[in-house]
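Sequence order for the protein chains is A and B. Numbering-wise (my numbering), the first sequence opens with residue 1144 and increments by one. Numbering-wise (my numbering), the second sequence opens with residue 1144 and increments by one. Down below is the structure, laid out as structure tokens.
Protein chains: 2
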Amino acid sequence: MKNYVSSALAGAAMALALCPLPALAAGVIDNVNGIALDANGAIVHFGALLIDDDGKVEKLIQGRYKEPEYKRPKKRKKGEPWPEPPKGLAFKLDAGGKTLIPGLIDAHGHVMGMGLSLITLDLSDTRSLAQAQEKIRAYVAANPGRKWIIGTGWNQEQWGLGRFPTAAELDAAVGDIPVWLERIDGHAGWANSAAIRAAGVTAATKAPAGGRIEMASGKPAGVFVDKAMDLVQKVVPPPAPKDRDLALEKAQRALLSMGITGIADMGTSIEDWQAFRRSADRGALRVRIMSYAAGLDNMVLIAGPEPTPWLYDDHLRMGGIKLLLDGALGSRGAWLKADYADAPGQRGLNMIPGTPLRNIMSRAAMDNFQVAVHAIGDAANGEILDAVEELGDTYKGDRRWRIEHAQIVDPADLPRFGRLGVVASMQPVHLASDWRMAMARMGEARLQGAYAWKAMLDNRVPLAFGSDVPVESANPFPGIAVAMTRQDAQGEPVGGWMPQQRVSFQAALDGFTRQAAYAGFAEKKFGSLIPGQRADFLLIDRDISSAQPADIRATQVLETWIGGKRVYVKGQ
Amino acid sequence: MKNYVSSALAGAAMALALCPLPALAAGVIDNVNGIALDANGAIVHFGALLIDDDGKVEKLIQGRYKEPEYKRPKKRKKGEPWPEPPKGLAFKLDAGGKTLIPGLIDAHGHVMGMGLSLITLDLSDTRSLAQAQEKIRAYVAANPGRKWIIGTGWNQEQWGLGRFPTAAELDAAVGDIPVWLERIDGHAGWANSAAIRAAGVTAATKAPAGGRIEMASGKPAGVFVDKAMDLVQKVVPPPAPKDRDLALEKAQRALLSMGITGIADMGTSIEDWQAFRRSADRGALRVRIMSYAAGLDNMVLIAGPEPTPWLYDDHLRMGGIKLLLDGALGSRGAWLKADYADAPGQRGLNMIPGTPLRNIMSRAAMDNFQVAVHAIGDAANGEILDAVEELGDTYKGDRRWRIEHAQIVDPADLPRFGRLGVVASMQPVHLASDWRMAMARMGEARLQGAYAWKAMLDNRVPLAFGSDVPVESANPFPGIAVAMTRQDAQGEPVGGWMPQQRVSFQAALDGFTRQAAYAGFAEKKFGSLIPGQRADFLLIDRDISSAQPADIRATQVLETWIGGKRVYVKGQ
């Protein structure tokens, strides 16, 4: 266009007087004790991190950052432009030698569950029934006018109760208002009499398939297990959107303060998804969320005909579906190949029969959704492996079928994970909480394939680590320590539980970074600090590559950066 | 930062050799017969439209566009920069004197309903029952393997049938597959025997409140009115997400080809909204959608605690809720103050009793959602005005309560619209389809406030125009013509029906642009071509400001531009 050319020339002629300064955007984090993983998962050390205009890693620099020299050449070839000058930096941070590591990724969490638990009654720190009752009373006094009292975190094992608590014991704390408290593993609920009345549950009420109503002298005793929880859950008023928005904001702040820059959300409902989008639409979504739909209906409603693209600069994507095949070990819901050692005749719950399970997995795989199935017991793990083996012929290619938890695996099934390319998505901290209970439920002889991290690696299984927050704290540093020691916070058992399954620091870090990203088809986007990936990283208060596990456990995050931007500073 | 400064200086020093050309983004549409409305709604004429870097209107230019002269001043004040040179244009289009008008806005449509109707059986062009039966047979033959046959568009009035069609008459076309066909106004459905069986409807089935099952010799006759439609609707398999995506794409193409650049979607479901977002997430949403949720549940699920912000550069926003207070006149669902003249004892359907109506309106207004209520009969319109008057004291400020259709209004109620600031959202083309039927249903004496556009303007009522697509074609040019003539496509009745209610070309254009934007709280974003608004405009094949209504009706859109980008070209 003539018009274009003329003004272009005009522009060039005016250059001297009117040239703007070069764009200033890239930055450098200089003078760091940098620890990352290369493309093969080997540990690399560096002294400075160069970030490009898009907030991606431009380069890991050995030693200190040097301002590039620029010499203007004496002459240039006719008609050719002069070479560009070095681009200025938008910022340059001297980290004073602090340790920098990749942002950590939680391969299995529940973002809204975490957020809602942060705004509801939390009993996870109570050490006795009496303590719990006291805390419940105090909460009700502090929150007048609530129509329902909702809470989580109780654990009768932690109380040394040796049995489930009762409705009467809850009535003793709150009689007039309905109270509904989920067990710490989310696989059981404790209701007071008002809540049981509100739910219309009577001695005549039958437990639905996959659930159990605890009974005492022919009446509902107060605790509802797994699918039976729905009987009460369905009458609990759902949180309002503004509650969800508050919960998500609190969850994000907590995650960033613990160094979690990305998380797989296992079981996203449409309400969860809408809260994620509301946050992102106003530019407030900082943590990267790999979303797995809570069942087929949510998958179809949220993502539609195929996984969503990465949205909001790689901050949100629904790529798969989350299914629940069995319950948890603590509530004896885990589906076992043989009877519970401490409950003869019980083998736990199989929540989805064989044919429906395969149909649901097919329906998702058909539209290229990734399938992640919760399996804790050895029977449940074996069943998923069977299903994957059968579906593998139909759904070829890079599917990355996931088994969530994979806690109790028949040693004979371990090699099948690797052969089928099934991702093991495991939570080291569960071992610290569960090892005594696991021994009681099954006995050592049947636990040779339990929490078998090293065996998974030996079988070339992609091993992604997470926390299952809010079931456990999302803090990944204790997770790294447990992976290396197989000991709880008190250092028990001495020498570690089944120590042959301990893994190295490198493997533990890999599980919370590269492998967790790989498990979510995100390894090209983030997860390590390979050039081209998003610059998601942490400044921490110690060198965890050389620290003792006990010290790693206590690591404090000083700064959290996502996409080359600082999103958390300790104490601010 | 030292580092910043040094490279900044380096940049300046290198200026001569290294200066980039100025950014080239703005453009001009030159040599047009420009017609728009100013801030007061007065018609303005211009010769060129200047568009800025953001795709917004920079300036309406009288006469032709002139390349700004730039003289570099001899000297400049010490320390002060040289003034900027004129910015080059990214494009310059010579429109050869064609007529340019603002993009037209449909104040009341159903985007997904339109799209789905474009991919389903459409009977709106059939002129007899026999023709319809033939078209149904042909569609089934052309679409083998369908589990259900879904369609729309039938109108027994247009067939000159004088009664509803029957299941037997539909069985004669298709016996084996269930068939469900919605009436053109969406207020009645026609089922064949297979569909009635699938719905489990028998002679014993009672119609739900707000609905009616047409009966013949004690058995369901085949037609289900208003709320009774749900009896069959609930067993019809819903469209799959990929069907919805295809439907939305077809709807957009059709709207752009008719010059519609923005539309109020009246009754958005969560599935509709997800389709809008899928389209926008992949950059395919071109038409601007002002979304009104289908009831409270959708409002809370989609938008949450408050209206959404404008998303995707002002392409999508949920700002309100859509309620249905009565039915339609054709199916005698419109709620009247006196009996239907042609059905003594019938006064239509009041779908939401007084107290629930006020509760729902309060619930929405409380969180600052706009309320739009469908009201066709004079009783329904009066009831909304009463409710608004009562709620007005509690919910002050700029609420823009909307009445959708406002077709039959008691003349005594007309001044109340203006006094209460209620927006009348009306569809001129309905008059062309309905005037004979309206006379039959109510008689001329009771129609003095029917489709009373001029009276609305005289009462200072914001009057927004739309089409109610897919009930009518979305083509706005016949709408403008009907608003000016009150005659149908055949030019009947001669002189226009109740011609005292005709409006000027200016008022008709205003209704399809500025007023339609105002009705959706979008007047600062788009709707006319006032500088600062999005550059949404059309090039059309005639000067509608001077054309006869019959010519306006036949207007062809040559090009449609949205946000300064060409999104439709006739014949391409």
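Don't be surprised by glycine CBs; every beta carbon is placed ideally from N, CA and C.
Practice problem: Tell me whether Phe-1648(A) sits in a helix, a strand or coil according to DSSP, three-state version. | Solution: For this step, residue 1648(A) is matched to residue 505 along the first sequence. Three-state result, Phe-1648(A): helix.
Exercise. Please check if any C-beta of chain A sits within less than 9 Å of the C-beta of Arg-1709(B).
Key: Numbered from 1 along the second sequence, position 566 holds the residue referred to as residue 1709(B). It does not: the Cβ of Arg-1709(B) has no partner Cβ on chain A nearer than 9 Å.
Quiz item: Between Arg-1501(B), Pro-1496(B), Ala-1477(B), which lies nearest to Glu-1547(B) when the distance is taken from Cα to Cα?
Solution: As a working note, residue 1547(B) is residue 404 in the second sequence. It is Ala-1477(B).
Quiz item: Within the 9 Å Cβ cut-off, does Thr-1451(B) reach chain A?
Solution: As a working note, residue 1451(B) is residue 308 in the second sequence. Yes, contact with chain A.
Exercise. Using a Cβ-Cβ cut-off of 9 Å, state whether Gln-1395(B) counts as contacting chain A.
Key: For the purposes of this step, residue 1395(B) is identified with residue 252 of the second sequence, where counting begins at 1. No, Gln-1395(B) does not count as interfacial toward chain A.
Exercise. With DSSP as the reference, label Phe-1189(A) as helix, strand or coil.
Key: Counted from its first residue, the first sequence places residue 1189(A) at position 46. The answer is strand: DSSP assigns Phe-1189(A) an E or B state.
Quiz item: Does the segment 1623 to 1630 of chain B come close enough to the segment 1638 to 1646 of chain B to have 3 or more Cβ pairs within less than 8 Å?
Solution: yes
Quiz item: Is Ala-1359(B) near Ala-1334(B), with beta carbons less than 9 Å apart?
Solution: The count along the second sequence starts at 1 and reaches residue 1359(B) at position 216. The count along the second sequence starts at 1 and reaches residue 1334(B) at position 191. No, these two residues do not count as a Cβ contact at 9 Å.
Quiz item: Taking buried to mean at least 16 other C-beta atoms within 10 Å of its own C-beta, is Lys-1713(B) buried or exposed?
Solution: Here residue 1713(B) corresponds to residue number 570 of the second sequence, with the count starting at 1. Flag for Lys-1713(B) reads exposed.
Quiz item: Smallest Cα separation from Ala-1508(A): which of Leu-1247(A), Arg-1542(A), Ile-1519(A), Pro-1674(A)?
Solution: The residue you call residue 1508(A) lines up with position 365 of the first sequence. The candidate whose alpha carbon is nearest that of Ala-1508(A) is Arg-1542(A).
Practice problem: Just the C-alpha distance for Ala-1166(A) and Phe-1234(A), rounded to the nearest angstrom, thanks. | Solution: Counted from its first residue, the first sequence places residue 1166(A) at position 23. Counted from its first residue, the first sequence places residue 1234(A) at position 91. Reliability fails at Ala-1166(A), whose pLDDT of 40 lies under 50, so the model's placement of it is uncertain and no value is given.
Self-check item: Within 9 Å of chain B by C-beta, residues of the segment 1404 to 1433 of chain A in sequence order
Solution: Ile-1413, Glu-1414, Gln-1417, Ala-1418, Arg-1420, Arg-1421, Asp-1424, Arg-1425
Exercise. Find the nearest neighbour of Ala-1484(B) within the set Gly-1231(B), Ala-1437(B), Gly-1586(B), judged by alpha-carbon distance.
Key: Numbered from its first residue, the second sequence carries residue 1484(B) at position 341. Nearest C-alpha to Ala-1484(B): Gly-1586(B).
Quiz prompt | Buried/exposed call for Asp-1653(A), threshold 16 Cβ in 10 Å | solution = Along the first sequence, one-based indexing puts residue 1653(A) at 510. Per the 10 Å Cβ criterion, buried.
Quiz item: Got a sec? Which residues, its chain only, sit under 7 Å from Ser-1671(B) by beta carbon, not counting five neighbours each side?
Solution: Mapped onto the second sequence, residue 1671(B) falls at position 528. Here the set comprises Ala-1179, Leu-1180, Pro-1245, Thr-1656, Arg-1657.
Self-check item: Beta-carbon proximity check, Lys-1435(A) vs Asp-1408(A), cutoff 9 Å
Solution: The residue given as residue 1435(A) occupies position 292 in the first sequence. The residue given as residue 1408(A) occupies position 265 in the first sequence. What sits at residue 1435(A) in the sequence shown is Tyr, not Lys. Yes. Within cutoff.
Quiz item: Using DSSP with H/G/I as helix, E/B as strand and the rest coil, what is Pro-1245(B)?
Solution: Position 102 of the second sequence, counted from the first residue, corresponds to residue 1245(B). The answer is strand: DSSP assigns Pro-1245(B) an E or B state.
Quiz item: If we ignore side chains and look at the alpha-carbon of each, how far apart do Gly-1540(B) and Leu-1534(B) end up?
Solution: The sequence position of residue 1540(B) within the second sequence is 397, counting from 1. The sequence position of residue 1534(B) within the second sequence is 391, counting from 1. Roughly 12 Å between the two C-alpha positions.
Quiz item: By the criterion of Cβ-Cβ separation under 7 Å, what are the contact partners of Val-1443(B) in chain A?
Solution: Position 300 of the second sequence holds residue 1443(B). Under the 7 Å cutoff, chain A gives Pro-1384.
Practice problem: Throw me the rounded Cβ distance for the Ile-1232(B) and Ala-1169(B) pair, which I believe falls under 8 Å. | Solution: Mapped onto the second sequence, residue 1232(B) falls at position 89. Mapped onto the second sequence, residue 1169(B) falls at position 26. Note on identity: in this sequence residue 1232(B) is Leu, with Ile being the wrong assignment. Right, their Cβ atoms sit about 6 Å apart.
Exercise. Tell me, please, whether the CB atom of Arg-1716(A) is closer than 9 Å to any CB atom in chain B?
Key: Lying before the first or after the last residue shown, residue 1716(A) is absent from chain A, which here runs from 1144 to 1715.
Quiz prompt | Buried/exposed call for Ala-1650(B), threshold 16 Cβ in 10 Å | solution = Within the second sequence, residue 1650(B) is the residue found at index 507, counting from 1. Buried is the call here.
Self-check item: Extent of the continuous alpha helix (DSSP H) run through Trp-1416(A)
Solution: As a first step, residue 1416(A) must be located in the first sequence, where it is residue number 273. Start and end: 1413 to 1424.
Quiz item: Beta-carbon of Gly-1463(B) versus every beta-carbon of chain A: anything under 9 Å?
Solution: The residue you call residue 1463(B) lines up with position 320 of the second sequence. Closer than 9 Å: no.
Quiz item: If you run the structure through DSSP and keep just helix, strand and coil, what is Trp-1578(A)?
Solution: Within the first sequence, residue 1578(A) is the residue found at index 435, counting from 1. Here Trp-1578(A) sits in helix by DSSP.
Quiz item: So what does DSSP say about Ser-1260(A), is it helix, strand or coil?
Solution: Here residue 1260(A) refers to the residue found at position 117 when the first sequence is read from its first residue. Helix at Ser-1260(A).
Quiz item: Are the Cβ atoms of Leu-1272(A) and Glu-1300(A) separated by less than 9 Å?
Solution: Stepping through the first sequence from its first residue, residue 1272(A) is reached at position 129. Stepping through the first sequence from its first residue, residue 1300(A) is reached at position 157. No, the pair does not count as a contact, with Cβ atoms beyond the cut-off.
Quiz item: Beta-carbon separation of Val-1200(B) and Leu-1399(B) under 9 Å?
Solution: Translated into the one-based positions of the second sequence, residue 1200(B) becomes position 57. Translated into the one-based positions of the second sequence, residue 1399(B) becomes position 256. Not closer than 9 Å, so no.
Quiz item: What separation, rounded to the nearest whole angstrom, lies between the Cα atoms of Ala-1284(A) and Thr-1295(A)?
Solution: Locating residue 1284(A) in the first sequence gives position 141, where the first residue counts as 1. Locating residue 1295(A) in the first sequence gives position 152, where the first residue counts as 1. Cα to Cα, the separation comes out at about 18 Å.
Self-check item: Residues bridged to Asp-1541(B) (per DSSP)
Solution: Position 398 of the second sequence, counting from 1, holds the residue named residue 1541(B). Asp-1541(B) is not bridged to any residue.
Exercise. Name the residue from Asn-1183(B), Phe-1189(B), Leu-1600(B), Ala-1581(B) whose alpha carbon lies nearest to the alpha carbon of Asp-1686(B).
Key: Looking up residue 1686(B) in the second sequence gives position 543. Considering only alpha carbons, the answer is Phe-1189(B).
Practice problem: Apply the 10 Å Cβ neighbour rule to Val-1637(A) and answer buried if 16 or more other Cβ atoms are within range, or exposed otherwise. | Solution: On the first sequence, position 494 is the one that residue 1637(A) refers to. Looking at its Cβ environment, which holds fewer than 16 other Cβ atoms inside 10 Å, Val-1637(A) is exposed.
Practice problem: Please report how far the alpha carbon of Arg-1506(B) lies from the alpha carbon of Ala-1423(A), in whole angstroms. | Solution: Counting from 1 along the second sequence, the entry for residue 1506(B) is found at position 363. Counting from 1 along the first sequence, the entry for residue 1423(A) is found at position 280. Each residue's alpha carbon lies about 26 Å from the other.
Quiz item: Taking the Cβ atom as the reference point for each residue, do Val-1378(B) and Gly-1405(B) lie within a distance shorter than 9 Å?
Solution: Your numbering for residue 1378(B) matches position 235 in the second sequence. Your numbering for residue 1405(B) matches position 262 in the second sequence. No, Cβ-Cβ distance for Val-1378(B) and Gly-1405(B) is not below 9 Å.
Quiz item: Which whole runs of the beta strand (DSSP E) in the segment 1422 to 1486 of chain B are 3 residues long or more, in chain order?
Solution: 1431 to 1437, 1459 to 1467
Quiz prompt | Where Gln-1699(B) falls: helix, strand or coil (DSSP) | solution = The count along the second sequence starts at 1 and reaches residue 1699(B) at position 556. Residue state, collapsed to three classes: coil.
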